[in-house]
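Here's the structure, in structure tokens; my notes come after.
Numbering (UniProt numbering), first residue to last: 1 to 229.
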């Protein structure tokens, strides 16, 4: 048996406005001149806590685009075009603390990336940040929140699970319902009423807690195996 940490990607593993701004710029190709300015201002308002209307920066851009009359096909084209730029979008960086966490985990800890995003650009970004080797599995187009349930169920069959993400309804709530532990990061961590196991604005702030969780889970698993002998 082994414990598992399931990481979300956008807003969790990757931080910075680069990817979202790339999305907004691509979307602006289908909109009027005011769209990009409005999108940037609204993204900044969301990140500062001035509005709780949106789930994340991508939701800001997609919602504003739909309200501006941009069709779903064009919105999808803009999204996919922006994802191709993921490895070079600045300032898109690996979350501070991510590499330190991954390098400090017990060897027995499984690390899974579960994202609603397509594969475009993701693996190249992980390679560029020097963390790809630490992920045991990359899962794309997962269809969260519902798509997270079978992933968590599968991993719980092998030990304790910690789900880490920035959107409660997508990344954490389905895991908590199954008995997994949760870590909330990002702009909503300070205001969300969700009862997360741990929370902070940045991954770096709970790096020690995540590593401690993994080592405790390894101890629990070892003790369980010994008791079965």
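C-beta atoms are modelled at their ideal positions from N, C-alpha and C, and glycine is treated no differently.
Source: prediction; values computed, not measured.
### Query
Smallest Cα separation from residue 85: which of 21, 202, 198?
21
### Query
Comparing alpha-carbon positions, which option in 216, 33, 129, 212 lies nearest residue 96?
129
### Task
Taking 9 Å as the cut-off, decide whether the C-beta atoms of residue 164 and residue 10 are in contact.
no
### Task
Give me the Cα-Cα distance between residue 36 and residue 27, rounded to the nearest whole angstrom.
8 Å
### Query
Does the beta-carbon of residue 207 have 16 or more other beta-carbons within 10 angstroms, so that it is buried, or is it exposed?
buried
### Query
Given a threshold of 16 other Cβ atoms within 10 Å of its Cβ, counted over all protein chains shown, does residue 82 qualify as buried or as exposed?
buried
### Message
Based on DSSP bridge pairs, tell me the residues matched to residue 198.
### Response
183
### Task
Starting from residue 46, follow the alpha helix (DSSP H) in both directions and report where the run begins and ends.
34-48
### Query
Straight-line CA distance for residue 42 to residue 75?
18 Å
### Query
Do you know offhand how far residue 181's Cα is from residue 45's?
30 Å
### Task
Report buried or exposed for residue 119, applying the criterion of at least 16 other Cβ atoms within 10 angstroms of its Cβ.
exposed
### Task
Reducing DSSP to helix, strand and coil, say where residue 113 ends up.
strand
#### Entry: Cβ-Cβ distance between residue 149 and residue 178 below 9 Å
yes
### Task
Flag this pair as yes or no: are the beta carbons of residue 49 and residue 190 separated by less than 9 Å?
yes
### Query
DSSP three-state call for residue 70: helix, strand or coil?
coil
#### Entry: Inter-residue Cα distance where the pair is residue 64 and residue 73
15 Å
### Query
To which residues does DSSP link residue 4 through a beta bridge?
110, 161
#### Entry: DSSP bridge partner residues for residue 94 (one or two, in chain order)
14
### Task
Check the C-beta distance from residue 99 over to residue 61 and give it rounded, since I have them as a contact under 8 Å.
With a Cβ gap of about 28 Å, residue 99 and residue 61 do not count as contacting.
### Query
Under the rule that 16 or more other beta-carbon atoms within 10 Å means buried, what is residue 71, buried or exposed?
exposed
### Query
Under a three-way DSSP split, which group does residue 126 fall into?
helix
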